[in-house]
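Asker: Can you read through this structure? Questions will come right after.
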Amino acid sequence: MSTPTAATEVTETSLKSAAHDYWSKVKAGDIGALPAVLGLLVLCIVFGSMSSVFLTPGNFANLLTQAASVIVIAMGLIFVLLLGEIDLSAGYASGVCGAVLVILITDHGQPWYIALAASIAVGMAMGFGLGTLVARLGIPSFVVTLAAFLGFQGILLILAGEGGTIRVEDETVLAIQNSNLSPALSWAFYIAASVFYVLLGLSRINARRKAGLKAELFKLWLIKTISLVGVSGLAVWALNLERSNNRELVSLKGIPYVVPVILFLLVIGTFVLGRTAFGRHIYAVGGNAEAARRAGINVKNIRIAAFVICSALSAIAGLLFASRQNSISPTTGGSSTLLYAVGAAVIGGTSLFGGKGKMRDAILGGLVVAVIDNGMGLLGYAAGIKFIVTGAVLLVSAGVDAVSRRGSAV
Amino acid sequence: MTEPILSLRGVNKSFGPVHVLKDVNLDVHPGQVTALVGDNGAGKSTLIKCIAGIYTPDHGEFKFDGKVVNITGPRDATALGIEIVYQDLALCDNLDIVHNMFLGREVKKGPVLDESAMESLARKTLDSLSVRTVKSIRQTVASLSGGQRQTVAIAKAVLWNSKVVILDEPTAALGVAQTEQVLNLVRRLADNGLGVILISHNINDVFEVADNIAALYLGTMAAQVAKNEVIPRQVIELITTGVSAGVEKAGVK
Ligand SMILES: Nc1ncnc2c1ncn2[C@@H]1O[C@H](COP(=O)(O)OP(=O)(O)OP(=O)(O)O)[C@@H](O)[C@H]1O
Ligand SMILES: [Mg+2]
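Chains A and B, in that order, give the protein sequences. Quick note on numbering: the first sequence equals residues 58 to 467 in the numbering used here. Quick note on numbering: the second sequence equals residues 20 to 272 in the numbering used here.
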């Protein structure tokens, strides 16, 4: 900024106009990430003040690995939800893919990467089947994936066998959810990621200024970036504290490996949805499929692709399940998994009506769900109460979604 | 008179047992507004959807720029330079104005969308049409008024150096001032050398802006005549009865 006084004046007024812009966006049905962020903050304060364990580094790391598989399934679901469709089978798809992975490693001695590639391929094939039934035959996705929910559960049961669990001992697979980057590497990763994020934001603002277009308000961007980088720095610091109960025996420090894995998926997913024509077409089909068709977009292929991506991400979630449980069982990816994942996406701000949602919603919402589950568990509430509360939060989010949508209808 | 840019001969279209278009002929000349009139259900929207490649006609010949062409999908029509502004606006409410204008034909730098280029081009197009009613072209279409949406839809159609622009009742939902603006916009398209097809139920609008008038009656082309050869009463007769004294029945040339 060459002329500081003039610049401050401009940003001063435009910060107000930014608040105004946000409000008109809210009125148009786009509430953004603010409610989920605030909700997360409030939950952390409440649980932190009620439980002495909640805010310890050990519990924080635990929470992240707990949330990881649900977050990854939610990331995949967002592609499907953006179309206004649903995939109820995503949870068990992760179970089946996890079983494929574990069987290839444990029973067939395959290296982890071959097994992972195979399990992702199986996931994509399952997604292709689902997507084809929905897009080409026109069966509602609710019905197709409800049938698949049962079918995949059956496949998982058969794969797991009567005994029930298949153990996995591969070091790499186990490391993802059970080991950490060293503290030094954690900081290095944090710095690299922060620099990447800041440069990305700056180059974007710069490109728009160069093209003579209205850029995002610099001050607002600065506030957002500083808070995000600051909070993540705090998180890295906390994760780098010793969290082993018996530090003579084993030391537990650093960012769990699963965190970079999820951030990697976040970057890729955000890029695909926000910066490619394919991503744009997903939003278009979700917003108005007929308009998309008239614009020459192959709506059927877009639908199929979304289901393929969803199931492929479920396969990665299967890897995370296998890693965390050291095994796969007939209930992997079952019980509340799918509902938590749908809840995560919706709580994060993705609309069940299609056309609205972002990759980051999975992370924000996934953390909200995990915090409720973890915090209430620490406070000694029974599973029943946890389910009721999580269900209520999901209902409130879906209600906000529906109401804001009605508000935006012209 | 100029050679027609678009010319249809003997177009037929049925939906199951319903024979909606019967041997329809139509000529569209560059630099002219051709009004397509007809009662509700006459087949106007169906006809232009055949031109757009949304529907495939059962038979019929399409000539574009003097050459016989085969339109089998929306991409064929747009490749020829035919753009449609639909009665039920084909805009995505959840996307902003720029995204809508470039939908399906995004400008890319490698695999990445070139947002700046698209935004500049959208801005330029709106300016060239003297559109001043939209505040920010980054607002979602959901937040626009009916007239603004129509403007976006028309701007989207002319973004592509199109040769023929088809408008299906562009003023149906608009107030007086906005109707006037849109009609001016329609006239400007033709003055820029485009062939324009305007579907309208409003005879005043038709006589204000059209150069010639094609009247559909129950799926058949009752007549296509120059505007200055007819008076509004004759056009109304063509619409309601399919014939009018002093107007020749449209036949195959
Ligand atoms: N997809 C379809 N399937 C079956 N019948 C159809 C279909 N589309 C249109 N029709 C029928 O074709 C006839 C012509 O419809 P069309 O929409 O082309 O009329 P229009 O001239 O545009 O009328 P309006 O002025 O009300 O818009 C109507 O009788 C309609 O019911
Ligand atoms: Mg119509």
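For each residue, glycine too, the CB sits at the ideal point set by N, CA and C.
Scan the stretch 344-376 of chain A for residues whose Cβ lies nearer than 8 Å to a Cβ of chain B and list them as they occur along the chain.
Answerer: Gly344, Asn345, Glu347, Ala348, Ala349, Arg350, Arg351, Ala352, Gly353, Ile354
Asker: Take Ile215(A) as the anchor and find which of Leu436(A), Tyr438(A), Ser386(A), Asp430(A) has the nearest alpha-carbon.
Answerer: When each option's Cα is compared against that of Ile215(A), the closest is Ser386(A).
Asker: For Leu202(B), which of Glu134(B), Ser263(B), Glu227(B), Ala109(B) has the nearest alpha-carbon?
Answerer: Glu227(B)
Asker: Please confirm if the stretch 444-452 of chain A is in contact with the stretch 390-400 of chain A, defined as three or more CB-CB distances below 8 Å between the two stretches.
Answerer: Three or more beta-carbon pairs separated by less than 8 Å link the stretch 444-452 of chain A to the stretch 390-400 of chain A, which places the two stretches in contact.
Asker: Is Leu291(A) helix, strand or coil by DSSP?
Answerer: helix
Asker: If distances are taken between C-alpha atoms only, which option among Val403(A), Trp294(A), Ser408(A), Gly411(A) comes closest to Ser239(A)?
Answerer: Trp294(A)
Asker: Tyr340(A) versus chain B: which residues are under 9 Å apart at the beta carbon?
Answerer: Cys111, Asn113, Leu114, His118
Asker: Got a sec? Which residues, its chain only, sit under 7 Å from Ser371(A) by beta carbon, not counting five neighbours each side?
Answerer: Ile130, Gly133, Ala147, Ala150, Ser151, Cys154, Gly180
Asker: Using beta carbons (cut-off 8 Å, strictly below), is Val131(B) in contact with chain A?
Answerer: yes
Asker: Measuring CB atoms only, is the stretch 137-153 of chain B touching the stretch 169-185 of chain B, in the sense that at least three cross pairs come out at less than 8 Å?
Answerer: yes
Asker: State the start and end residues of the unbroken alpha helix (DSSP H) segment that holds Gly29(B).
Answerer: Premise fails: Gly29(B) lies in the beta strand (DSSP E), 25-34, not in any alpha helix (DSSP H).
Asker: Run the Cβ filter for me: residues under 7 Å from any heavy atom of ligand 2, listed in the order they occur in the chain.
Answerer: Lys63(B), Ser64(B), Gln106(B), Asp187(B), Glu188(B), Ile218(B)
Asker: Which term fits Val467(A), buried or exposed, when burial requires 16 or more other beta carbons within 10 angstroms of its beta carbon?
Answerer: Model confidence at Val467(A) stands at a pLDDT of 40, short of 50, so the residue's coordinates are unreliable and nothing is read from them.
Asker: On a CA-only basis, which of Ile70(B), Thr21(B), Asn59(B), Gly50(B) is nearest Val43(B)? Give me that one, please.
Answerer: Ile70(B)
Asker: Looking at the structure shown, is Thr62(A) part of a helix, part of a strand, or coil, going by DSSP?
Answerer: Residue placement at Thr62(A) is flagged as unreliable, the pLDDT there being 38, under the threshold of 50; the coordinate-derived value follows with that caveat. Helix.
Asker: For a contact defined as C-beta to C-beta under 8 Å, what are the partners of Ser74(A) on chain B?
Answerer: Near Ser74(A) there are no residues of chain B at all, since even the closest Cβ is about 11 Å away, more than 8 Å.
Asker: Hey, how far is the Cα of Ala334(A) from the Cα of Pro130(B)?
Answerer: 8 Å
Asker: With 7 Å as the C-beta to C-beta threshold (strictly closer), list the residues of the stretch 307-339 of chain A near chain B in chain order.
Answerer: Arg332, Thr333, Ala334, Arg337
Asker: Nearest CA to the CA of His48(B): which residue from Val39(B), Ile232(B), Ala109(B), Ser263(B)?
Answerer: Ile232(B)
Asker: Against chain B, with Cβ distances strictly below 8 Å, would Ala398(A) count as a contact?
Answerer: no
Asker: Under 8 Å by Cβ, that's how I've got Glu125(B) and Leu132(B) pegged, so tell me the actual separation to the nearest angstrom.
Answerer: 5 Å
Asker: Between the stretch 187-203 of chain A and the stretch 165-178 of chain A, are three or more C-beta pairs nearer than 8 Å?
Answerer: no
Asker: Using 8 Å as the Cβ pair cut-off and three pairs as the minimum, do the stretch 73-93 of chain B and the stretch 233-248 of chain B touch?
Answerer: With the cut-off at 8 Å, the stretch 73-93 of chain B and the stretch 233-248 of chain B do not touch.
Asker: Does the Cβ-Cβ distance between Gln238(B) and Ala98(B) come in under 8 Å?
Answerer: Going by the sequence as given, residue 238(B) is Gly instead of Gln. Contact: no.
Asker: Do you know offhand how far Lys128(B)'s Cα is from Ala136(B)'s?
Answerer: 10 Å
Asker: I'd like to know if the stretch 248-263 of chain B and the stretch 78-93 of chain B are in contact, where contact means that at least 3 CB-CB pairs between them fall below 8 Å.
Answerer: no
Asker: Could you tell me whether any non-hydrogen atom of ligand 1 is closer than 7 Å to the CB of Val254(B)?
Answerer: no
Asker: Does chain B have any CB closer than 8 Å to the CB of Ala90(A)?
Answerer: no
Asker: Have a look at the DSSP bridge pairing and note the partners of Asp102(B).
Answerer: It should be noted that the sequence gives Glu, not Asp, for residue 102(B). Looking at the DSSP assignment, Glu102(B) forms a beta bridge with Val184(B).
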